[in-house]
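Q: Structure provided below as structure tokens; questions to follow.
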Amino acid sequence: MQITFEEHEPRVAGRPVGAIVHVCHVSTIDQGLKELAIPGLTRETLEPVLQYCAEVRCAADNVSCPGCKRRTEMLGLETLDQYILSKKEVIVGDGRVRLKGEGVETVSTPCLESLTRQWSGENYWFWARRVIRKLRHGLRRMHIQGEPVADEGETPSIILMEPQLADNIGMVARACANFGLDDLRLVNPRDGWPNEKARIAASGANYIIDDAKAYETLEDSLADLNWVAATTARQRDLRKPVLTPEQALAEIRTRISRGERCGILFGRERNGLETSEVANADALIMIPVNSRFASLNLAQAVLLTGYEWMRGSPQASLGRVTTYEKPLTEGLYMGDDRPATKAELTGLFQHLEAELERLGFFNPQHKRPTVVNNLRTFFLRANATDQEVRTLRGIVATLAQGKGRARKPPGGTP
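Counting in our numbering, the final residue of the sequence shown is number 700, and the numbers go up one at a time with none missing.
Here it is, written out as structure tokens:
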């Protein structure tokens, strides 16, 4: 595909390169290509377009795309005030709030908070690199493209009772995505649903946001579940089992394995759950906290329970694993190195001891065996790799004989 320059923008068939990157980043590549509907733009011809953006070649061409951070950098806009002044008008929400500037372009934004987060632009080149990996290696797993990480009912549902802030819903969605919890349910969210602010706060966990369901009543949200645990920081006068997150998630895992559907109920940000709402639960979850400051942010509470769920899951991974990496295990990370063999270690010991002997280190001689044993024990405890042994031998040789022009002749001084 040919990239042309129009109005200081790199374009393909009249579409900014950044727009193509954005569409392919937020959905699957095939869905993005279908949405773009650019003649001749296929999986094969897409990569050079992505490469142009990923390598920031636009900098050499002195062009940039709308919405890209390079555009604001090129325009010298360092603050939000400067950005607003560069526009003719910034229309906020339904238009009742309008910010006047000195430019010629009129732009719209859902809310002032969204404007403060997005005015400087997105790192399209970073997105392009991700899409290239997805194109070459299928980096994104299927559930990131919009399908659940597990079959319906195989993970506990996360139910939020009358969440007050869309931002918190987004942060909860991000926590759910972190720990493989795909079913998010909202009971009468105050800011309505769907909500763009929640999507922004989700930081890419769009499939959780897209699949989240809103209910008018708590009873409706629990109707298809067999067992529910309610989270609370307050003691309740209810005769129900009180479990830690670890115990609760172990119980949920057992019940799901028997074919039951389970959920975890979280309360409002300000005052949690009413006792009448807790009464709908089969058990209580109480997180170990400082008894004098027990209140947790909603997303934090979901994060802690989600962590306990993932700990017992075969899908758990120590950090991110790309197509270029192997999953890590606990313990010492060796990478591609191997532990030194006994022969390599013996060669190091003999080399070091010979140089120490030559330099008169072992004095008095009757303590030599003890010192040698201590040195060998010290180096063996380090679990050195083959590369580290070679490095240590090089250090010993340099200290004993010098290096380059300073190198000493055998048995003497230069």
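Idealized CB from N, CA, C, for every residue including glycine.
1. Please check the pair Ile495 and Asp469, which I expect to be a contact at CB under 8 angstroms, by giving their CB distance rounded to whole angstroms.
2. What residue range does the beta strand (DSSP E) around Tyr369 cover?
3. Distance check for Thr627 and Arg644, CA to CA, integer angstroms please.
4. Using a Cβ distance threshold of 8 angstroms, determine whether the segment 349-369 contacts the segment 322-334, with at least three qualifying pairs required.
5. So, under 8 angstroms CB-CB, Ala625 and Thr671 are touching, yes? Tell me the CB distance rounded to an integer number of Å.
6. Determine the contact status of Cys458 and Ala516, defining contact as a CB-CB distance below 8 angstroms.
7. For the segment 571-584 and the segment 503-513, state whether three or more C-beta atom pairs, one from each stretch, are separated by less than 8 angstroms.
8. So, at 7 angstroms on beta carbons, what are the nonlocal neighbours of Glu502 in its own chain, with the 5 sequence-adjacent residues on each side left out?
9. So, using beta-carbon positions, are Leu582 and Ala461 closer together than 8 angstroms?
10. Given this structure, state the Cα-to-Cα distance separating Ile370 from Gln450, to the nearest angstrom.
11. List the endpoints of the continuous alpha helix (DSSP H) containing Ala346.
12. Hey, out of His652, Leu638 and Ile538, whose CA is closest to Arg679's CA?
13. Around the C-beta of Gly592, are 16 or more other C-beta atoms found within 10 angstroms, so that it is buried, or is it exposed?
14. For Leu401, which option in Tyr619, Ala683 and Glu482 has the closest C-alpha, if you only look at C-alpha atoms?
15. How is the beta strand (DSSP E) around Leu322 delimited, first residue to last?
16. Between Ser489 and Gly456, what straight-line distance do the alpha-carbon atoms span, to the nearest angstrom?
17. Within 10 Å of its beta-carbon, does Val657 have 16 or more other beta-carbons around it, so buried, or fewer, so exposed?
18. Give me the Cα-Cα distance between Ile289 and Val335, rounded to the nearest whole angstrom.
19. Take Leu642 as the anchor and find which of Ser599, Gln687 and Ala629 has the nearest alpha-carbon.
20. For the pair the segment 311-319 and the segment 364-381, tell me if three or more CB-CB distances fall below 8 angstroms.
21. I'd like to know whether the C-beta atoms of Ser339 and Ala452 end up nearer to each other than 8 angstroms.
22. Between Gln586, Thr615, Pro302 and Met572, which has its C-alpha nearest Val349's C-alpha?
23. Which runs of the alpha helix (DSSP H) fall wholly inside the segment 611-671 and span at least 4 residues, in chain order?
24. Can you name the residues that DSSP bridges to Trp513?
25. So Val588 is in the alpha helix (DSSP H); what residue range does that whole segment cover?
26. Report the three-state DSSP secondary structure of Glu433 (helix, strand or coil).
27. Could you please give me the residues that DSSP links to Val393 through a beta bridge?
28. State the DSSP-derived secondary structure class of Leu535, mapped to helix, strand or coil.
A: Short version:
1. Position 209 of the sequence shown, counted from the start, is the residue given in the question as residue 495. Position 183 of the sequence shown, counted from the start, is the residue given in the question as residue 469. At roughly 13 angstroms, the Cβ-Cβ gap does not stay under 8 angstroms, so Ile495 and Asp469 are not in contact.
2. For the purposes of this step, residue 369 is identified with residue 83 of the sequence shown, where counting begins at 1. Where Tyr369 is concerned, there is no enclosing beta strand (DSSP E), although the alpha helix (DSSP H) it sits in stretches over Leu366 to Leu371.
3. Against the sequence shown, residue 644 aligns to sequence position 358. Against the sequence shown, residue 627 aligns to sequence position 341. Here the C-alpha atom of Arg644 lies approximately 26 angstroms from the C-alpha atom of Thr627.
4. Taking one beta carbon from each stretch, the segment 349-369 and the segment 322-334 have fewer than 3 pairs nearer than 8 angstroms; the two do not touch.
5. The residue labelled residue 625 in the question sits at position 339 within the sequence shown. The residue labelled residue 671 in the question sits at position 385 within the sequence shown. The question names Ala, yet the displayed sequence has Pro at residue 625. Right, the Cβ-Cβ distance comes to about 6 angstroms (below 8 angstroms), so this counts as a contact.
6. Against the sequence shown, residue 458 aligns to sequence position 172. Against the sequence shown, residue 516 aligns to sequence position 230. With the sequence shown as reference, residue 458 is identified as Val, and Cys is not the correct amino acid for it. Their beta carbons are not under 8 angstroms apart, which means Val458 does not touch Ala516 by this criterion.
7. The segment 571-584, when compared against the segment 503-513, does not touch it at the 8 angstroms Cβ threshold.
8. As a first step, residue 502 is located in the sequence shown; it is residue number 216 there, counting from the start. Cβ within range, chain order: Asn474.
9. The sequence position of residue 582 within the sequence shown is 296, counting from 1. The sequence position of residue 461 within the sequence shown is 175, counting from 1. Judged by their CB atoms, Leu582 and Ala461 are not nearer to each other than the 8 angstroms cut-off.
10. Translated into the one-based positions of the sequence shown, residue 370 becomes position 84. Translated into the one-based positions of the sequence shown, residue 450 becomes position 164. Note on geometry: alpha-carbon atoms of Ile370 and Gln450 lie some 30 angstroms from one another.
11. For the purposes of this step, residue 346 is taken as the residue at position 60 of the sequence shown. Segment Cys344 to Asp347, the alpha helix (DSSP H) holding Ala346.
12. The residue given as residue 679 occupies position 393 in the sequence shown. Arg679 has its Cα closest to that of Leu638, out of His652, Leu638 and Ile538.
13. Position 306 of the sequence shown holds residue 592. Counting Cβ neighbours within 10 Å, Gly592 comes out buried, since at least 16 surround it.
14. Within the sequence shown, the letter at position 115 stands for residue 401. The candidate whose alpha carbon is nearest that of Leu401 is Glu482.
15. If you number the sequence shown from 1, residue 322 lands on position 36. Counted as a single uninterrupted DSSP element, the stretch harbouring Leu322 is not any beta strand (DSSP E) but the alpha helix (DSSP H) occupying residues Ile315 to Leu322.
16. Here residue 489 refers to the residue found at position 203 of the sequence shown. Here residue 456 refers to the residue found at position 170 of the sequence shown. One alpha carbon belongs to Ser489, the other to Gly456, and they sit about 8 angstroms apart.
17. What you label residue 657 is simply residue 371 of the sequence shown in a count that begins at 1. Residue environment analysis places Val657 among the exposed positions, since fewer than 16 neighbouring C-beta atoms fall within 10 angstroms of its C-beta.
18. Against the sequence shown, residue 289 aligns to sequence position 3. Against the sequence shown, residue 335 aligns to sequence position 49. Straight across, the Cα-Cα distance linking Ile289 with Val335 is about 7 angstroms.
19. Indexing the sequence shown from 1 puts residue 642 at position 356. For Leu642, the closest of Ser599, Gln687 and Ala629 by C-alpha to C-alpha distance is Gln687.
20. Cβ pair count under 8 angstroms is below three, so no.
21. Numbered from its first residue, the sequence shown carries residue 339 at position 53. Numbered from its first residue, the sequence shown carries residue 452 at position 166. Reading the sequence as shown, one finds Cys at residue 339 and not Ser. Against a cut-off of 8 angstroms, the Cβ pair of Ala452 and Cys339 comes out as no contact.
22. Here residue 349 refers to the residue found at position 63 when the sequence shown is read from its first residue. The shortest C-alpha separation from Val349 is found at Pro302.
23. Those alpha helix (DSSP H) runs which fall completely within the segment 611-671 and span 4+ residues are 628-644 and 654-667.
24. Taking the first residue of the sequence shown as position 1, residue 513 is located at position 227. The secondary-structure analysis by DSSP pairs Trp513 across a beta bridge with Cys548.
25. Indexing the sequence shown from 1 puts residue 588 at position 302. Element bounds for Val588: Leu584 to Arg597.
26. Sequence index remark: in the sequence shown, residue 433 carries index 147 (1-based). With a pLDDT of 44 at Glu433, under the threshold of 50, the modelled position of this residue cannot be trusted; read the value that follows with caution. Coil, per DSSP.
27. Residue 393 sits at position 107 when you count from the first residue of the sequence shown. In DSSP, Val393 forms a bridge with Val376.
28. Taking the first residue of the sequence shown as 1, we reach residue 535 at position 249. Looking at Leu535 - three-state DSSP - the assignment turns out to be helix.
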